[in-house]
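Here is the structure we will look at, set down as structure tokens.
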Amino acid sequence: RRFQCFPPPAFTSLLLGWMPTPPFRRPIEEEALKPPFLCARLCLSPLCLLAIVLGAAPSGPGEGVHRTQLESKVGEVVPQSQSRLHSAAANMPKNKSRGKDRNASSKLKETKASKKSQHEEVKDALTVVLPFNSRQDMAACLARVSAYLEDPLHHGKVCSPDKINTLVSSRYAGHNFSLESYRKVISVLGKLTPDEDRIKQAIGSACRGRSGPNVYIVAHVSDDPKTLQHEKWHATFHFDEAYRKRVSGIWGMVQKGSPAWAKQFEKHLSDKYAQHVWVDEFQAIVLNREYECATKTVNLLQSILPKKEPFMTISVKTR
Numbered sequence: 040r041r042f043q044c045f046p047p048p049a050f051t052s053l054l055l056g057w058m059p060t061p062p063f064r065r066p067i068e069e070e071a072l073k074p075p076f077l078c079a080r081l082c083l084s085p086l087c088l089l090a091i092v093l094g095a096a097p098s099g100p101g102e103g104v105h106r107t108q109l110e111s112k113v114g115e116v117v118p119q120s121q122s123r124l125h126s127a128a129a130n131m132p133k134n135k136s137r138g139k140d141r142n143a144s145s146k147l148k149e150t151k152a153s154k155k156s157q158h159e160e161v162k163d164a165l166t167v168v169l170p171f172n173s174r175q176d177m178a179a180c181l182a183r184v185s186a187y188l189e190d191p192l193h194h195g196k197v198c199s200p201d202k203i204n205t206l207v208s209s210r211y212a213g214h215n216f217s218l219e220s221y222r223k224v225i226s227v228l229g230k231l232t233p234d235e236d237r238i239k240q241a242i243g244s245a246c247r248g249r250s251g252p253n254v255y256i257v258a259h260v261s262d263d264p265k266t267l268q269h270e271k272w273h274a275t276f277h278f279d280e281a282y283r284k285r286v287s288g289i290w291g292m293v294q295k296g297s298p299a300w301a302k303q304f305e306k307h308l309s310d311k312y313a314q315h316v317w318v319d320e321f322q323a324i325v326l327n328r329e330y331e332c333a334t335k336t337v338n339l340l341q342s343i344l345p346k347k348e349p350f351m352t353i354s355v356k357t358r
């Protein structure tokens, strides 16, 4: 498109003085113009240029309008309003979608971080297996520890070594506790027997440099793999928090749905264990099929088990 400027009216000519219009028009390439003036070519006469400069001149002294400033003002009049409307219509949904994307990405990062941290905790978990030659040997080393932790009568009490054979824990087929709990009990038992000191040295050597909560200790008689599996269910219950919560939920369902069986089972547990370990014993006993239970309950517990054991296992010599 071409835009041609005409001479000013008569009264403007009188004020400015008559100047003849030159016989030619000088096209000026306008480089700074924006759409829709991108392809415009202005044909301006010297008189028109003078009128434009006088009309746009600032009132204050020392202030001048450069050609580039004038060009930018002419080019920005219409496109600026159009660009504002276009950006307002385009940016609103983009901002919302960007906000959703940011929230989704942040949640994804948090989920990955939490999964990573859980994986690291499971990776560091260790179960120390203590295989004994006989139940008597195992009781001599660990009965007082288990009695202090979970005996229904002696829980939280120190028993003298000469009463080991009278403790319920002396008849346990296996033992289980965290390294942290074991260290606390050993510190309050006082003087240890030679058997207790021997197993303390074995555990200390196997767990050197490890923290208490990340290590779990299980004991069994070496020719009794079923009891070993029972004790490993306890280790899973200790390390896997999600599993613990689900087991507690299933135990609550059993108490409401089968109250008679639940009371009978509680009576069975009350002769051997303090009440704070009943839920743990419930899952280990039922999964190991050591007590008659509804198939539905067994299937529920099996369905919530982790796909693999959430710990590493090492076996330590006890002799």
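Our numbering puts the first residue of the sequence shown at 40, with every later residue one more than the last.
Cβ atoms here follow ideal geometry from the backbone N, Cα and C, with glycine treated the same way.
| Asked | Found |
| --- | --- |
| For the beta strand (DSSP E) that contains P264, what are its first and last residues? | It is not in any beta strand (DSSP E) - P264 instead sits in the alpha helix (DSSP H) that spans P264 to F278. |
| Would you call the segment 339-357 in contact with the segment 165-183, where contact means no fewer than 3 C-beta pairs closer than 8 Å? | yes |
| Can you check whether the CB of P170 is closer than 8 Å to the CB of S342? | no |
| Cα-Cα, which of F304, R328 and E331 is closest to V318? | F304 |
| Does the structure place the segment 306-314 close enough to the segment 179-193 that three or more beta carbon pairs sit under 8 Å? | yes |
| Which complete alpha helix (DSSP H) runs does the segment 293-322 hold, if anything under 4 residues is left out? | 298-309 |
| Measure the C-alpha to C-alpha separation of G296 and P264 and round it to an integer number of angstroms. | 33 Å |
| Would you decide whether N204 is buried or exposed? Buried here means 16 or more other CB atoms lie within 10 Å of its CB. | exposed |
| Examine the Cβ distances between the segment 314-334 and the segment 276-287 and report whether three or more of them are shorter than 8 Å. | yes |
| Run the CB neighbour count on D236, radius 10 Å, all protein chains shown included, and call it buried at 16 or more, exposed below. | exposed |
| Does DSSP put Y255 in a helix, in a strand, or in coil? | strand |
| Rounded to whole angstroms, what's the CA-CA distance from D201 to N338? Just pull it up for me. | 44 Å |
| List the whole-angstrom C-beta distance separating I238 from T334, where the pair is believed to meet the contact cut-off of C-beta under 8 Å. | With a Cβ gap of about 39 Å, I238 and T334 do not count as contacting. |
| Helix, strand or coil: which one does DSSP assign to S354? | strand |
| Taking the alpha-carbon of R174 as reference, which of K196, H214 and V184 has the nearest alpha-carbon? | H214 |
| In or out: E331 buried (at least 16 other Cβ within 10 Å) or exposed? | exposed |
| Name the one or two DSSP bridge partners that P233 has. | Answer is none; P233 lacks a bridge partner. |
| In whole angstroms, what separates the C-alpha of A212 from that of C180? | 13 Å |
| Looking at L218 and A246, is the spacing between their C-beta atoms short of 8 Å? | Note that residue 246 corresponds to Cys in the displayed sequence, not to Ala. A contact, by the Cβ cut-off of 8 Å. |
| Here's the rule I'm using: 16 or more other beta-carbon atoms within 10 Å means buried, otherwise exposed. How should A227 be labelled? | First, the residue type needs correcting, since residue 227 is Val and not Ala in the sequence shown. Exposed, by the Cβ-count rule. |
| Alpha helix (DSSP H) containing V184: first to last residue? | R174 to E189 |
| Report all residues from its chain with a CB closer than 7 Å to the CB of M292; omit the five preceding and five following residues, and keep chain order. | none |
| I'd like the list of long-range same chain contacts for V316, defined as Cβ closer than 7 Å, with 5 residues on each side in sequence excluded. | E189 |
| How close, in whole Å, do the beta carbons of A274 and V257 come, if the pair is a contact with beta carbons under 8 Å? | 6 Å |
| If you draw a straight line from the alpha carbon of S208 to that of Q240, how long is it in whole angstroms? | 21 Å |
| I'd like the span of the beta strand (DSSP E) that includes T336, first residue to last. | It is not in any beta strand (DSSP E) - T336 instead sits in the alpha helix (DSSP H) that spans T334 to S342. |
| In this structure, how does DSSP classify G213 when only helix, strand and coil are distinguished? | strand |
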